[in-house]
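Residue numbers (the numbering used here): 152 to 981.
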């Protein structure tokens, strides 16, 4: 599995991989903990595999206390392997009570170890995972080593001594049963194998110690067995030792043992027999088989086992050589101790990961099978990441196919602060700290990310340098995805692109330091405009007003729309994001734009019952378009939307406002024969309530007559007000402004001359804005005073050149042109 190197420095030259906690204290990173790490399977989010301490009644095999117990048992194994053959050969006739007690105490310790083994979890050799199931542990032990462990622990000598003789002396047959204790030597092999991989000890010294222990043990056992043959032979002068020392039994124990060792060494090394050689038949037979055994063993080891031993230790030797080279590199360049620890930690974890051969196996398989493997391993983790909520499965499959799994050791920097965006990481297992480094180079942990979280996406999506350092807190399995692969997947389907960006903005609503200029991933062309629309619409949809303001400050078009013609103002108004609406209005967005359905942002706001947003938009729209109220009312009538119409009337829109075609809502309702709508416009009545109470049908002609003579119009939830229609006096005293009805006087603009000869410049002289008088004569007199000519010889014309002969034809904000009779032919001629 790929490993990520972390020995990098920041801009100030300080190593980012120091083993110092954020409070300045040294991290207690012990190399022996590396030998206790059990790598979790790919895609597994659980970190239980790396639980070092024991849990409940199950003992972890990597628990420090259990490791101490194993070391003690190895010492007892060494005692049994050396002392027991010596007792059988040299002390069988006069055993010492102290050794007898020590042997039984040793057996007692091994009996306790048998009981503990039923509670010790084990590592499955097939999956390399820790098994904590009590039933599986017991079944495995019973089917493998249990009976041999029991047989090697039974004190046969003690049982025979008390049952038959009552003394400590026993026969040789019981001593030979005790040879089952040699079964314990397998613990010694496991102990040396573990030491060879422990970088705290010299590999060369451990290997030499192992070979020396094997040699000494064989020489010791051979010496004891050879002496036992001479000691038990009836004629002591006809033995290998008796021929040179007839009274060898009278010699001290030390002399006899040294002589036996000398004989054993000469036999094993085959340097000749000299003064010590086989005398009787038993000794000759023993030597024959012993030499044949040595010959066969040597040939087998040299001819067959050498390749296996070399191959089995090749990776370990390479690992130890790399460790030695790294140590020399650190010493030669005078690197600090904390950096040395970090380098060695990384190399140890890489060795463990490479021993599993996971990445090599995946790379050897066809691409389709690799995709299936990645889908099975990584898809459950990726689906739970916030960025991909609601994203189609097709995009997820594209992403997981490009992901690479990495194991990072504790205190490893995956991303450094101010680093250029390059990769996005997903946490499968372990914990990652998000660290902020202030100006004083003090580190502060902002948050701790766990399984199912991701990091690095801010820099990737915003094209900015990383704002934080992301450092592993524990052994972590991460999925690494290149930024380019993420962006290509996002552009595959526009709907998923919008969804992912919405998720990103929703998750990072409080981000205030984003560099929005760099957020535009594609600068120009059709793709660039499409990307900008996605960004603006996504921001408006999530309600991030600060982010939207930053985007618009970069010069983006606030009126850009999507494929359905909806602008950011449409989205913000329909979703009720008032702050976003205010930001868009501040950047001069077009309020009157319509989508493909013909809806403006005003309509979306009132239809979604966001009344505060509607009031804001209507206030701004009425300034630039005096017909906006009529358009809204007429649209509601055309769609026969009683709910929206009722809301519009509640907001105080003038019921007789005209749209751009000069039509009112009542006229359209009468034409379409919408009885309920007419009833609402005429009376302000609750049409639904009228239907429920079986009111008689409304007579449209009767309603029209009421409106001709005037009636009291009631609008729900509002104070009643009098509206007398078709009355010129009231119309002169009331005008509609900004959606409210208030007393005012119509105003008109008067100009000297007619605009027909001067269409480009309207009029040569500046006009005057006056209050509309009650009669046409008064209007001519006022125009004569303001413009300086005889009002008796003037005519009042409109913009089209038509003469106005009645004051009732003039409305508020009309443009009037005062022309003298003498100028009229010229006007007509032109």
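A virtual CB, placed ideally from N, CA and C, is assigned to each residue, including glycine. If you're wondering where the values come from, they're calculated on a predicted model, not measured in any experiment.
CB-CB under 8 Å to residue i, same chain, minus the five flanking residues each way: which ones, in chain order?
i	result
residue 965	899, 900 and 949
residue 419	369, 370, 373 and 445
residue 518	none
residue 796	784, 787, 788, 816, 828, 831 and 832
residue 538	605, 608, 651, 654, 655 and 658
residue 516	524
residue 870	Because residue 870 carries a pLDDT of 34, less than 50, the predicted location of this residue cannot be relied on, and the following value inherits that uncertainty. Cβ neighbours of residue 870 beyond the five flanking positions: none.
residue 941	935 and 971
residue 857	A caution first: residue 857 carries a pLDDT of 48, below 50, which makes its placement in the model unreliable, though a value can still be read off. Counting only Cβ-Cβ distances below 8 Å, and skipping sequence neighbours, we find 833.
residue 413	427
My guess is that residue i and residue j are in contact by the Cβ rule of under 8 Å, so how many angstroms apart are they, rounded?
i	j	result
residue 747	residue 715	5 Å
residue 754	residue 783	7 Å
residue 727	residue 761	4 Å
residue 292	residue 268	5 Å
residue 542	residue 718	At roughly 25 Å, the Cβ-Cβ gap does not stay under 8 Å, so residue 542 and residue 718 are not in contact.
residue 709	residue 735	5 Å
residue 377	residue 415	6 Å
residue 937	residue 921	7 Å
residue 261	residue 335	7 Å
residue 647	residue 641	7 Å
So, is residue i buried or exposed, given that buried needs 16 or more other C-beta atoms within 10 angstroms?
i	result
residue 627	buried
residue 554	buried
residue 571	exposed
residue 969	buried
residue 278	exposed
residue 271	buried
residue 743	exposed
residue 393	buried
residue 266	exposed
residue 179	The pLDDT assigned to residue 179 is 40, lower than 50, so where the model puts this residue is not dependable; a value taken from the coordinates is nonetheless given after this. Exposed, by the Cβ-count rule.
residue 617	buried
residue 286	exposed
residue 275	exposed
residue 750	buried
residue 351	exposed
residue 256	exposed
residue 504	buried
residue 211	buried
residue 340	exposed
Leaving out the 5 sequence neighbours to the left and right, which residues in its chain are closer than 6 Å to residue i when beta-carbon positions are compared?
i	result
residue 944	971 and 972
residue 809	781 and 815
residue 779	772 and 773
residue 587	595, 597 and 619
residue 131	The question about residue 131 has no answer, for the chain in this structure spans 152 to 981.
residue 764	724, 729, 732 and 756
residue 696	730, 731 and 734
residue 807	815
Using a Cβ-based criterion (distance less than 7 Å to any ligand heavy atom), does residue i qualify as near the ligand COA?
i	result
residue 379	Among the components modelled here there is no ligand, and therefore nothing to report on the ligand COA.
Could you name the residues of the same chain whose beta carbon sits closer than 7 Å to that of residue i, not counting the 5 residues immediately before and after it, in chain order?
i	result
residue 332	231, 235 and 303
residue 471	354
residue 296	none
residue 283	209 and 272
residue 546	640, 643, 644 and 647
residue 328	307
Looking at the C-beta of residue i, does it have a partner C-beta in chain C at a distance below 8 Å?
i	result
residue 817	The structure shown has no chain C; it contains just one protein chain.
**Report entry** Complete runs of the alpha helix (DSSP H) confined to the stretch 739–803 [at least 4 residues]
**Finding:** Look at the stretch 739–803 and you find these whole runs of alpha helix (DSSP H), each 4 residues long or longer: 752–758, 762–775, 779–789 and 793–801.
Requested in this report: Would you check if the stretch 520–529 and the stretch 584–602 touch, i.e. whether three or more CB-CB distances between them fall below 8 Å?
Outcome: no
Query raised in the report: Between the stretch 608–616 and the stretch 571–585, do three or more beta carbon pairs fall short of 8 Å?
Result: yes
Requested in this report: Specify whether the stretch 353–365 and the stretch 213–225 touch according to this definition: at least 3 beta carbon pairs, one from each stretch, less than 8 Å apart.
Outcome: no
Query - beta strand (DSSP E) runs wholly inside the stretch 220–244, at least 3 long, in chain order - result: none
Query raised in the report: Would the stretch 621–641 and the stretch 578–585 be scored as touching if the rule is three or more Cβ pairs under 8 Å?
Result: yes
**Report entry** Length at least 4, wholly inside the stretch 337–402: the alpha helix (DSSP H) runs in chain order
**Finding:** 354–383
**Report entry** Start-end ranges of the beta strand (DSSP E) lying completely within the stretch 909–971, minimum 3 residues
**Finding:** Taking only runs of at least 3 residues, the beta strand (DSSP E) segments lying wholly in the stretch 909–971 are 919–922, 945–948 and 966–971.
Query - Inside the stretch 480–535 only - alpha helix (DSSP H) runs reaching at least 4 residues - result: 488–506, 509–515 and 518–534
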